[in-house]
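All residue numbers for the sequence shown refer to my numbering, where the first residue is 22 and numbers rise by one.
C-beta: ideal position from N, C-alpha, C; glycine also.
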Amino acid sequence: MRQVPTVKQDYLYFEELKTRWRDSDVYGHMNNAVFYEYADTIVNSWLINKGSLNVPSSKTVGLVVETRCTYFSELKFPDLVTAGLKLNKLGNSSVHYEIGLFSNFEEKTAARISFIHVFVDVKTRKPKKIPSKLLEPLKSLMKD
22 MRQVPTVKQD YLYFEELKTR WRDSDVYGHM NNAVFYEYAD TIVNSWLINK GSLNVPSSKT
82 VGLVVETRCT YFSELKFPDL VTAGLKLNKL GNSSVHYEIG LFSNFEEKTA ARISFIHVFV
142 DVKTRKPKKI PSKLLEPLKS LMKD
């Protein structure tokens, strides 16, 4: 099934990011790898801002186990990109985030990114229940 662009009202948390000259590839648009950097940035920034991510002292961390990006339009330098974040699914040890990237105040996504974390024990790398201090903040990213 073909995915369609989403709109800003579909997301619950936002950050603005600026494209950089070095983000451009030979085709004159933002390289596909940078889209994933933006996804990683908004997810981890949200976790840090909620006090839920402190890598040096955490006993549990989220590892990325799956990503997917669907592109609808180009992002270029110098664009201002709004990244929107929401949760599509919250499991016992996994979180399915969706990130929408919007160009220059556009209402429809230039790209939609699926980003899945599995929370694991720092030492054993075995899946672990999502820490309770993170559950409530994560629930706030879910739409009814």
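Alpha carbon of residue i to alpha carbon of residue j, nearest angstrom
i	j	result
Lys150	Ser79	14 Å
Val76	Lys29	30 Å
Asn109	Pro152	18 Å
Tyr57	Tyr118	13 Å
Glu95	Leu106	19 Å
Gly72	Glu36	17 Å
Leu162	Arg23	25 Å
Val55	Val102	12 Å
Tyr32	Gly121	8 Å
Asn70	Lys160	15 Å
Trp67	Leu155	11 Å
Lys129	Phe123	7 Å
Asp61	Asp165	24 Å
Lys39	Arg133	17 Å
DSSP beta-bridge partners of residue i
i	result
Lys144	Bridge partners of Lys144: none, in fact.
Tyr48	Answer by DSSP bridge pairing: none, since Tyr48 is not bridged.
Residue i: first and last residue of the uninterrupted alpha helix (DSSP H) it sits in
i	result
Phe56	53-70
Glu157	153-160
Span of the beta strand (DSSP E), counted from its first residue to its last, around residue i
i	result
Glu119	115-124
Gly112	From DSSP, Gly112 is part of no beta strand (DSSP E); its letter is neither H nor E.
Thr91	81-92
Leu96	Counting along the chain, Leu96 falls outside any beta strand (DSSP E), and DSSP gives it neither H nor E.
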